[in-house]
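In terms of our numbering, the numbers along the sequence shown are unbroken and rise by one, the last being 1090.
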Amino acid sequence: MNEKSKLLQDEFDGIAMYSLAKELFPICRSITGSGVRDSHNLIRKVLPNLVSHEIDSGEKCFDWTIPREWNIKDAYIETLDGLKVVDFKKSNLHVVSYSHPINQVMTLSELDKHLHSRIDMPDAIPYVTSYYKENWGFCLSYNLRKTLREEKYRVVIDSSLNKGSLSYGELIIPGRSKDEILISTYTCHPSMANNEVSGMVVTSFLGKWIQSQKKRKYTYRIIFVPETIGAIAYLSKNLAQLKKNVVAGFVITCVGDDRSYSYMPSRTGNSLADKAVLHAYKKVLKQKFNSYTFLERGSDERQYCHPNVDLPVCSAMRTKYGMYPEYHTSLDNMDLISPLGLYGGFEVNKTALEVLEHNDLYVSTTIGEPWLASRNLRPPLVDGVKMQDRSKNISNLFAFCDGSLDLIDIADILNISVIELANLAKELESYGLLRSILGKN
């Protein structure tokens, strides 16, 4: 399939994903507040059954406490003659997230202590937060900051910090088995396209695709949580069930640009989720990718893979967070992501799910190789040197079906797609030559 045709695959096309991204991008999100709920409402255009949950401010979630809810209406810095030099309405990144309200006139030297910019990226507005320490501040480009004159400025942040709640979204899609696949993304950053919006978009369309599959083996648990505090809060409510049921999980983040592909392993690096992602890249899509170590982690795999949680969670991304220059700045905008980039992020994660759905664990039912020719599973005339690929794959499949290796393991050994191998295994199972020891999920 050529690159352009990937953009035109009915309701799962990159153009539809990009359209949703454009709607989500302007919303000012933080770890709490109306921006998260507004994002849930937009996501319901794709996942109408998404359920929003609230956890009250002040509630303890393991070692953390849900903070007060933060909302903002406006913010600006203006000269005393009314010229706005920094305006939240032009970019919601201009305000340090969780800034407390302020309305004061101050000198530039007083204001400067609360200004943030990056000299290494002079045209970019940096992303800065102060979730757990009461403070206020503005972010602006270094070039704009250099133009501020020694005079007095009116500084206004029309925000609120009140007792409220933390919001998260959840969708459970049942399958034949109670075993679960966890899909998690975060909803806490303001206008950053690859770092934030792409994850929500791709996760939404993955959910839509999963619902379209009528013969699901696994149950899917899809969650939209504020990063870190939201994942911890969700774990505090669901840990026992997650540890019992989740067999593989994925954090969906940074899946919208079209520069590269990336892989962030779980803590162990050898979970079922890791195997599925690596097989999807190498054997199904045959896609080059950058591989990182768990020492380079930075998203909610930190929570899901913590030793006292220990869920099998990894990530398949486009360009990894922190590895592109626009990361956590205003330059991570809608020009950085693309329909093709979003589709690529969707495709690799969808393929990993397909790998899991096709995976199984088989044992051979015969002593010695079965008589394949009697079942028309082998041509009557076989060149032992140039055995047909199908016959060779059948023979090799039997050789490794001892119950210790699943189909992904065997497909990796045979250097073929597990999807192809699973179809072959089911055919042999229909003849009674293989038996699944996972049971009929």
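Beta carbons: idealized from backbone N, C-alpha and C, even for Gly. Every value quoted in this text rests on a predicted model; they were computed, and no experiment measured them.
Residue environment analysis places SER979 among the buried positions, since at least 16 neighbouring C-beta atoms fall within 10 angstroms of its C-beta.
Secondary structure remark: continuous alpha helix (DSSP H) runs of at least 4 residues inside the region 1007-1051, in chain order: 1038-1049.
Taking the CA atoms as reference points, GLU1006 sits about 40 Å from TYR780. For VAL895, the closest of ILE881, TYR910, THR902 and LEU921 by C-alpha to C-alpha distance is LEU921. According to the DSSP assignment, ASP923 belongs to the alpha helix (DSSP H) that extends over 921-928. When C-alpha distances from LEU1073 are compared across SER1085, ARG1084, ILE1043 and ASP1061, the shortest belongs to ILE1043.
Distance from the CA atom of ALA889 to the CA atom of TYR883, rounded to whole angstroms, is 11 Å. With respect to the 9 Å criterion, SER746 and TRP713 are not classified as neighbours on the basis of their beta carbons.
Ranked by Cα distance from SER688, the options ASP807, THR834, ILE986 and ALA965 are led by THR834. TYR802 places its beta carbon less than 9 Å from that of MET755. Only residues of its own chain outside the window of five on either side were considered, and among them LEU1046, PHE1049 and LEU1070 have a CB closer than 7 Å to the CB of ILE1059, listed in chain order.
Apart from sequence neighbours up to five positions away, the residues of its chain that approach ARG693 with a beta-carbon distance below 7 Å are LEU699, ordered along the chain.
Inter-residue distance for LEU1054 and TYR1011 is about 8 Å (C-alpha atoms, whole angstroms). Separation of LEU820 and PHE737 (C-alpha to C-alpha, rounded to the nearest whole angstrom) is 33 Å. Around the CB of LYS937, fewer than 16 other CB atoms lie within 10 Å, so the residue is classed as exposed. Sequence-distant partners of PRO675 (beyond 5 residues in either direction) whose C-beta falls short of 7 Å from its own C-beta, in its chain, are SER840. Excluding sequence positions up to five before and after ASN1064, its CB lies within less than 8 Å of the CB of LYS932, all in the same chain and listed in chain order.
Under DSSP, TRP719 shares a beta bridge with LEU810.
Bounds of the beta strand (DSSP E) holding TYR912 are 911-913. For ILE768, the number of other beta carbons within 10 angstroms of its own is below 16, and it is reported as exposed. In the three-state scheme derived from DSSP, where H, G and I count as helix and E and B as strand, ALA882 is classed as helix. If you look at ASN690, you'll find it isn't in any beta strand (DSSP E); it sits in the alpha helix (DSSP H) that goes 683-692. The secondary-structure analysis by DSSP pairs LYS795 with nothing; it has no beta-bridge partner. A direct Cα-Cα distance of roughly 35 Å separates LEU810 from MET913. By the C-beta criterion, the region 978-994 is judged not to be in contact with the region 858-876, since fewer than 3 inter-stretch pairs fall below 8 Å.
For TYR667, the uninterrupted alpha helix (DSSP H) run begins and ends at 663-673, by DSSP. In this structure, ILE704 keeps its C-beta atom at 9 Å or more from the C-beta atom of ILE721. Annotated three-state conformation of LEU960 is coil, per DSSP.
For ALA1071, the enclosing alpha helix (DSSP H) has its first and last residue at 1067-1079.
Residue state for GLY993 is assigned as helix, using DSSP reduced to three classes. Taking the Cα of GLY818 as reference, the smallest distance to any Cα among LYS892, THR836 and ARG825 is reached at THR836.
Secondary structure note for LEU855: its alpha helix (DSSP H) is the uninterrupted segment 847-861.
Ranked by Cα distance from ARG686, the options HIS702, TRP858, LYS671 and ARG870 are led by HIS702. Nearest to GLU800 by alpha-carbon distance, out of SER758, HIS765 and ASN792, is SER758.
In this structure, DSSP gives ARG870 an extended state, which the three-state scheme calls strand. Boundaries cannot be given for GLU975, as no alpha helix (DSSP H) includes it and DSSP labels it neither H nor E.
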